[in-house]
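Comments concern the structure below.
Protein chains: 4
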Amino acid sequence: MGLSSEGVGILRDGASGAKGGVEGVLPPYRLASRVRHPEDTRIRVRDVEIGGGSRFVVFAGPCAVETPDQLLATARIVKEAGGAVLRGGAYKPRTSPYSFQGLQDEGLKVLAEARRLTGLPVVTEVMDPEDIEAVASTADILQVGARNVQNFSLLKKLGRVKRPILLKRGMMTTIEEFLLAAEYILSSGNPQVILCERGIRTFETATRNTLDLSAVPVLKERTHLPVIVDPSHAVGNWRYVIPMARGAMAVGADGLMVEVHVCPQAALCDGDQSLRPDRFRELMEELRPLARLLGREL
Amino acid sequence: MGLSSEGVGILRDGASGAKGGVEGVLPPYRLASRVRHPEDTRIRVRDVEIGGGSRFVVFAGPCAVETPDQLLATARIVKEAGGAVLRGGAYKPRTSPYSFQGLQDEGLKVLAEARRLTGLPVVTEVMDPEDIEAVASTADILQVGARNVQNFSLLKKLGRVKRPILLKRGMMTTIEEFLLAAEYILSSGNPQVILCERGIRTFETATRNTLDLSAVPVLKERTHLPVIVDPSHAVGNWRYVIPMARGAMAVGADGLMVEVHVCPQAALCDGDQSLRPDRFRELMEELRPLARLLGREL
Amino acid sequence: MGLSSEGVGILRDGASGAKGGVEGVLPPYRLASRVRHPEDTRIRVRDVEIGGGSRFVVFAGPCAVETPDQLLATARIVKEAGGAVLRGGAYKPRTSPYSFQGLQDEGLKVLAEARRLTGLPVVTEVMDPEDIEAVASTADILQVGARNVQNFSLLKKLGRVKRPILLKRGMMTTIEEFLLAAEYILSSGNPQVILCERGIRTFETATRNTLDLSAVPVLKERTHLPVIVDPSHAVGNWRYVIPMARGAMAVGADGLMVEVHVCPQAALCDGDQSLRPDRFRELMEELRPLARLLGREL
Amino acid sequence: MGLSSEGVGILRDGASGAKGGVEGVLPPYRLASRVRHPEDTRIRVRDVEIGGGSRFVVFAGPCAVETPDQLLATARIVKEAGGAVLRGGAYKPRTSPYSFQGLQDEGLKVLAEARRLTGLPVVTEVMDPEDIEAVASTADILQVGARNVQNFSLLKKLGRVKRPILLKRGMMTTIEEFLLAAEYILSSGNPQVILCERGIRTFETATRNTLDLSAVPVLKERTHLPVIVDPSHAVGNWRYVIPMARGAMAVGADGLMVEVHVCPQAALCDGDQSLRPDRFRELMEELRPLARLLGREL
Chain S
2 MGLSSEGVGI
12 LRDGASGAKG
22 GVEGVLPPYR
32 LASRVRHPED
42 TRIRVRDVEI
52 GGGSRFVVFA
62 GPCAVETPDQ
72 LLATARIVKE
82 AGGAVLRGGA
92 YKPRTSPYSF
102 QGLQDEGLKV
112 LAEARRLTGL
122 PVVTEVMDPE
132 DIEAVASTAD
142 ILQVGARNVQ
152 NFSLLKKLGR
162 VKRPILLKRG
172 MMTTIEEFLL
182 AAEYILSSGN
192 PQVILCERGI
202 RTFETATRNT
212 LDLSAVPVLK
222 ERTHLPVIVD
232 PSHAVGNWRY
242 VIPMARGAMA
252 VGADGLMVEV
262 HVCPQAALCD
272 GDQSLRPDRF
282 RELMEELRPL
292 ARLLGREL
Chain B
2 MGLSSEGVGI
12 LRDGASGAKG
22 GVEGVLPPYR
32 LASRVRHPED
42 TRIRVRDVEI
52 GGGSRFVVFA
62 GPCAVETPDQ
72 LLATARIVKE
82 AGGAVLRGGA
92 YKPRTSPYSF
102 QGLQDEGLKV
112 LAEARRLTGL
122 PVVTEVMDPE
132 DIEAVASTAD
142 ILQVGARNVQ
152 NFSLLKKLGR
162 VKRPILLKRG
172 MMTTIEEFLL
182 AAEYILSSGN
192 PQVILCERGI
202 RTFETATRNT
212 LDLSAVPVLK
222 ERTHLPVIVD
232 PSHAVGNWRY
242 VIPMARGAMA
252 VGADGLMVEV
262 HVCPQAALCD
272 GDQSLRPDRF
282 RELMEELRPL
292 ARLLGREL
Chain U
2 MGLSSEGVGI
12 LRDGASGAKG
22 GVEGVLPPYR
32 LASRVRHPED
42 TRIRVRDVEI
52 GGGSRFVVFA
62 GPCAVETPDQ
72 LLATARIVKE
82 AGGAVLRGGA
92 YKPRTSPYSF
102 QGLQDEGLKV
112 LAEARRLTGL
122 PVVTEVMDPE
132 DIEAVASTAD
142 ILQVGARNVQ
152 NFSLLKKLGR
162 VKRPILLKRG
172 MMTTIEEFLL
182 AAEYILSSGN
192 PQVILCERGI
202 RTFETATRNT
212 LDLSAVPVLK
222 ERTHLPVIVD
232 PSHAVGNWRY
242 VIPMARGAMA
252 VGADGLMVEV
262 HVCPQAALCD
272 GDQSLRPDRF
282 RELMEELRPL
292 ARLLGREL
Chain E
2 MGLSSEGVGI
12 LRDGASGAKG
22 GVEGVLPPYR
32 LASRVRHPED
42 TRIRVRDVEI
52 GGGSRFVVFA
62 GPCAVETPDQ
72 LLATARIVKE
82 AGGAVLRGGA
92 YKPRTSPYSF
102 QGLQDEGLKV
112 LAEARRLTGL
122 PVVTEVMDPE
132 DIEAVASTAD
142 ILQVGARNVQ
152 NFSLLKKLGR
162 VKRPILLKRG
172 MMTTIEEFLL
182 AAEYILSSGN
192 PQVILCERGI
202 RTFETATRNT
212 LDLSAVPVLK
222 ERTHLPVIVD
232 PSHAVGNWRY
242 VIPMARGAMA
252 VGADGLMVEV
262 HVCPQAALCD
272 GDQSLRPDRF
282 RELMEELRPL
292 ARLLGREL
């Protein structure tokens, strides 16, 4: 297929006539821009390469680490089905102070154990500058959640960490603001930033947020950083996760972040949007031939 | 691939546990709902079948009919590349009264001539109840534009027409309101309605509107009506049309509506978002293997 | 108070440095703009003057005309409390085709009777070009609803009517688009357009829509047309109508449109947002000293 | 005027039939809610009382502290015109890492000097938990900016500070989320929270954001905390600040936060929206009789 030899057809198009910046003046996100850095950034985490167009990387796991059993069972499923990175929240940003706030330090230990057993690198969120050291000593990738995308103090401190940062777009963040948030990390010294589209807030209520898949080709045109998509938080309902995962791959994302839970109805958070193990396997089965067609390994 | 034997994997998922209505109580859009009408509606226009999962239908053509030469040249390109339906606006809804308002009756004649030469069925917009008769005597499909999605007088009158109606979602129409707009046509007697997602209005300005691809699986779950996607108006820039067209197919749409112009830089409207002929051919080439993978004819 | 001698302080500010157009180039809404028409348009309907800064005009009445008794009782309350114009829908644009669609022609007769008894001019919505003649033969002011703000066929036809038009901003309409919608009426020959801000659609759900009161000073700066505010539809709850009515007056609106019902809990539509008679009187009592302070008659 | 004896007419209305919670079940923001705490919270800062309905409190000053001269000159103007609290950013959250980030510690010293000279209490933003101690040792009120409204780590730490917190609503924060953000501070031990509406992000571009004045009566009904309004950031243009300030007072806010600069065209940030000294005096002159009418001291 024509796609495979040319990435996903975006970069080439973008290269000819790009208002987004490829041939224009240097945008305010100087380091994130493709203008002076046209080739894709590739981020290596253990044996996984993120960005660069060869591999489509699936990050999967539960919203929150709840118990060792829950996480370890999920980690095995993710590993067996072909997931590349294990996700799981130890520190949880919750709208209400009275909701479950995560296992915190205990959760980090469980993540480390899951990595030891499966070999999967782990990603987990950091919310407080005070926790950066503890999180960075366990996690392979540190996540900044949507609500902290413009927490500039946190971003600057993550610029001094020697770990890749997974930066989620905020519900209210424009693409330009998102790239400038990444620029805070890059300009503070950390070149390893992975961008994640996870839905924006609109008037529509049939889905939890509105997954902005057009942000993927726009971002791929403007920046050399890897771009992944989280359909689970965007749609808020497992029934729409599989089609939107296919869509994310088709528009040119470098990977996916999906929520998987051994028992969604018992999940302490976001059960509605988590895939059951059998459905996660089905997702991976559906993505495999699509990846092949688009010239990507899964 | 697993998909092909099961449509795009949505309906089956939707069938088990559907909050959207499949197993729930009858929603207010009684006739549009799948509750009492679980099988897909298939709409036949000349030899083209829209809906039902076998064919992926590409509607293509210029935003506006400008001259006979422009339309006929574009029609030939659409035909040769495998497009199924020719689009072209004769009556144009323009934000400003001083912008080009379309060739109107003259445009209808040019559309009829293009159909005669290529055999392609034609779709064109109707804005005024007074014009319904004239438009219906030429067009194979009558389009209701985004700004008229809740022009209930127009919708009721289109319910008495013996032609399929292509109903575009408004820029701020919820999915429920969209289905109720379709219900106006259905309940007035016309069962042939094709829904078209074309981008919603959000705070993001990098694209003209935000293409809500998650509306496709939500709609496919709730309604038996065919659902197509117009990426051209949503993104407002030809560079993002091809990836978003792939995305639309991957999330389960029944077809696509794209703008093609023989000379986009000279277009009287929406030139920025129109594909050149070579890029339209490239789009069709990219979609073909993807359609095959997903079990669809193109 | 300083305000009274200078309108509401906007025009003067606007006159010095106005990006909005007062001193700039002619905007695309040539006729609606203040550039070539700096003085306020004053629209006279029977003995009521709308626009021009002397009077603050209250349009009040039920959402829909339901029965002669309901309308006549409400009309008397509106009249006694100092309302200037009676509103009441005969043709109702409803999201669902199965909701009450209004009394239609019968409703027009009831409106005429209410005017005869109270002397109040009446405003009612017209949705269908076919009904323009009938509505214009009864109503003193013809209303275009939010959903039809870009129904350009209807707007052009209303440009040929000899009645003032009350044009409501759509839920998704920018201020520039709103002025261009007015321009359709003006450029078709009718100079009597009253603009009405009625809330825009946002992500917030605590109110039905979000009343954009900042649109009032922006509009007053850019256009000479009168600007009124409908807080009832915007907030969707009678409890917030009185404070928002005060706010509308304070930001410089020329008037108000509020829903009043003799028995809100029995209303066929929009009962939640309708004021009971005693609360409407309270609203008028609260507005009176505020109007005096701002140099307006009520 | 009827208003004066009953606050702004909201609480009483709210008390009868309030869906917002006054008579309903305890909402998730237990401590912020009026259900168990019906009387207004009054926060005393030096000799200024915020909340409680007697005084309308004007916070004013430059967006950022730039130089001692700039701040001291502005502070004198604020003081002379009747402002109650001096604002000025020392730590500035800027979209781009390359924009002026504030004078930081040096800025705090300048604020302390301005307070010494004028007697005005000062409010300034804190972005980083590390800076809380330094900021709290100078500022009378600590501000949380819109981008940090859901920075839960910061909020929890501010719950342990013995200073009032001014919490700004985020650009895409619902009223419920806003109250839950306040709840993080309250439930961590600090009962002194002042809420500030500062505009939400919508599709409209004529103003920087859309000032949601209807949030004021909704908040006043649901919570006992003081509510102030920042029109400067919301509209982004000084020409609309005065009318929106009048509107904020009229809908029932407890105060105002406005940007004032001795020389807006030379401001290092947000010059467009800052009032010149003469216009700030004009604002105060316009507000004075309105406050009197509404039963408030200014």
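Chains as they are written, first to last, in this note's numbering: chain S, 2 to 299; chain B, 2 to 299; chain U, 2 to 299; chain E, 2 to 299.
Virtual Cβ for every residue (Gly too), placed ideally from N, Cα, C.
On a predicted model such as this, the values are computed, not experimentally measured, just so you know.
Going by the DSSP bridge assignment, what does residue i pair with across the sheet?
{"i": "E:Ile-201", "result": "E:Thr-211"}
{"i": "U:Leu-167", "result": "U:Gln-144 and U:Ile-195"}
{"i": "U:Glu-67", "result": "Paired residue(s): none; U:Glu-67 is not in a bridge."}
{"i": "U:Ser-34", "result": "U:Thr-224"}
{"i": "U:Phe-60", "result": "U:Val-86 and U:Met-258"}
{"i": "S:Val-123", "result": "S:Leu-87"}
Candidates the options: which alpha carbon is nearest residue i's?
{"i": "S:Trp-239", "options": "S:Ala-254, S:Leu-220, S:Ala-249 and S:Val-259", "result": "S:Val-259"}
{"i": "U:Val-123", "options": "U:Asp-132, U:Ala-137 and U:Asp-129", "result": "U:Ala-137"}
{"i": "S:Ser-97", "options": "E:Gly-103, E:Thr-208 and E:Val-150", "result": "E:Val-150"}
{"i": "B:Ala-216", "options": "B:Thr-175, B:Gly-190 and B:Arg-247", "result": "B:Thr-175"}
{"i": "E:Arg-277", "options": "E:Leu-27, E:Val-219, E:Gln-71 and E:Leu-156", "result": "E:Gln-71"}
{"i": "S:Val-230", "options": "S:Pro-244, S:Val-219 and S:Cys-197", "result": "S:Cys-197"}
{"i": "U:Arg-56", "options": "U:Arg-95, U:Arg-45 and U:Asp-213", "result": "U:Arg-45"}
{"i": "B:Ile-51", "options": "B:Ala-249, B:Phe-101 and B:Ile-195", "result": "B:Ile-195"}
{"i": "B:Glu-298", "options": "B:Asp-255, B:Ala-268 and B:Asn-152", "result": "B:Asp-255"}
{"i": "B:Phe-101", "options": "B:Pro-39, B:Asp-41, B:Glu-67 and B:Val-261", "result": "B:Glu-67"}
Look at the alpha carbon of residue i and the alpha carbon of residue j, and state the distance between them as a whole number of angstroms.
{"i": "U:Leu-291", "j": "U:Arg-116", "result": "28 Å"}
{"i": "E:Pro-227", "j": "S:Thr-211", "result": "33 Å"}
{"i": "U:Val-111", "j": "U:Tyr-99", "result": "23 Å"}
{"i": "B:Gly-84", "j": "U:Val-36", "result": "48 Å"}
{"i": "B:Gly-90", "j": "B:Ala-183", "result": "21 Å"}
{"i": "U:Glu-178", "j": "S:Asp-132", "result": "49 Å"}
{"i": "B:Ala-61", "j": "B:Val-86", "result": "6 Å"}
{"i": "E:Gly-272", "j": "E:Val-242", "result": "13 Å"}
{"i": "S:Glu-287", "j": "U:Pro-265", "result": "54 Å"}
{"i": "E:Thr-119", "j": "U:Pro-232", "result": "41 Å"}
{"i": "U:Arg-169", "j": "U:Leu-187", "result": "The sequence as given places Lys at residue 169 of chain U; Arg does not occur at that position. Going by the C-alpha atoms only, they are around 15 Å apart."}
{"i": "B:Met-245", "j": "S:Phe-204", "result": "22 Å"}
{"i": "E:Met-2", "j": "E:Ala-82", "result": "In this predicted model, E:Met-2 has a pLDDT of only 41, less than 50, meaning its place in the structure is not dependable; the value taken from the coordinates is given anyway. Their Cα atoms are separated by approximately 26 Å."}
{"i": "S:Ser-189", "j": "B:Met-128", "result": "55 Å"}
{"i": "B:Gly-21", "j": "S:Gly-253", "result": "A caution first: B:Gly-21 carries a pLDDT of 44, below 50, which makes its placement in the model unreliable, though a value can still be read off. Approximately 29 Å, taken between the alpha carbons."}
{"i": "S:Glu-283", "j": "B:Ile-78", "result": "39 Å"}
{"i": "E:Val-28", "j": "E:Thr-224", "result": "According to the sequence shown, residue 28 of chain E is Pro rather than Val. Roughly 10 Å separates the two Cα atoms."}
{"i": "B:Thr-125", "j": "S:Ala-76", "result": "53 Å"}
{"i": "B:Leu-181", "j": "B:Ala-267", "result": "38 Å"}
{"i": "U:Gly-53", "j": "U:Met-285", "result": "21 Å"}
Kindly give me the distance between the Cβ atoms of residue i and residue j, rounded to whole angstroms, as I take these residues to be in contact under 8 Å.
{"i": "B:Ala-135", "j": "B:Leu-109", "result": "6 Å"}
{"i": "S:Val-219", "j": "B:Ala-207", "result": "5 Å"}
**Request:** Pull out every residue of the region 190–205 of chain S whose Cβ sits closer than 7 Å to any Cβ of chain U, in chain order.
**Result:** Residues are counted here when their Cβ sits less than 7 Å from a Cβ of chain U; for the region 190–205 of chain S these are Arg-202, Thr-203 and Phe-204, given in chain order.
**Selection of the region 90–122 of chain E by Cβ proximity to chain A, strictly under 8 Å** = In the displayed structure, chain A is absent; the protein chains listed are S, B, U and E.
**Asked** Between the region 161–176 of chain B and chain S, which residues of the former have CB atoms less than 8 Å from a CB of the latter, in chain order?
**Response** So the close ones are Met-173, Thr-175 and Ile-176.
**Item:** Residues within the region 141–153 of chain S neighbouring chain E, beta-carbon criterion of under 7 Å
**Value:** Cβ proximity to chain E below 7 Å picks out Arg-148, Asn-149, Gln-151, Asn-152 and Phe-153 from the region 141–153 of chain S.
**Item:** the region 204–232 of chain S: positions lying closer than 7 Å to chain E by Cβ
**Value:** Taking 7 Å as the Cβ-Cβ cut-off against chain E, none of the residues of the region 204–232 of chain S qualify.
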